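Enquirer: Handing you this structure, nothing more for now.
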Amino acid sequence: MTWKHLSSPVTKKFKVQRSAAKVRDIVFWDAKGVILLDILPQGQFINAVLYCNPLDRLRDAIHRKKPGLLRRGFVLQRDNATRHSANLAQQWMQRNGWEILPHSAKNSDPVPSDFHFLDP
């Protein structure tokens with residue numbers, strides 16, 4: 002118990018509320034900006050199967066936003082997460098003719114492009 006002067010302001014009690022849920026997303030971008038932002042439903046985690054779905058949407062987004070890029074070709078850089086290097090994802094890349102810039106599995110550093118995207 003604390004003593005207060007009669008003119009002291011009334012102490013406010015704050016209600017504890019649950020914070021907002023984590024948002025999981027997959028972002029594909031180039032030097033000019035975001036090409037595709039894919040937000041996962043709440044509570045869903047990305048795995049190799051779910052990783053291939055945004056790749057289909059990325060292919061469509063590139064076709065719409067960067068005409069001719071799919072025909073000319075490009076290099077996709079990704080980190081060494083298991084879902085990115087899974088056989089299913091690798092087969093999708095090969096089937097669609099996408100070239101991958103490898104990132105060493107033993108390298109714990111972020112992919113260099115993350116610095117561009119995450120830098121304020």
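Everything in the sequence shown is counted per this note's numbering, starting at 2 for the first residue and increasing by one. Beta carbons are placed, not taken as given, at the ideal position from N, Cα and C, and that holds for glycine. As the structure is a computational prediction, the values presented were derived from the model and not from experiment.
1) Assess, as a yes-or-no matter, whether the region 5 to 16 is touched by the region 32 to 41 under the definition of 3 or more beta carbon pairs within less than 8 Å.
2) Assign Val50 to one of three DSSP states: helix, strand, or coil.
3) Does the separation of the CB atoms of Ile63 and Leu71 fall below 8 Å?
4) Could you round the C-beta distance between Arg60 and Asn97 to whole angstroms and report it? I think they count as a contact, below 8 Å.
5) Hey, out of Tyr52, Ile40, Gln18 and Asp31, whose CA is closest to Gln92's CA?
6) So, helix, strand or coil for Gln1, using DSSP?
Expert: Reading it off the structure:
1) no
2) helix
3) yes
4) 7 Å
5) Tyr52
6) Limits of the chain in this structure are 2 at one end and 121 at the other, which puts residue 1 out of reach.
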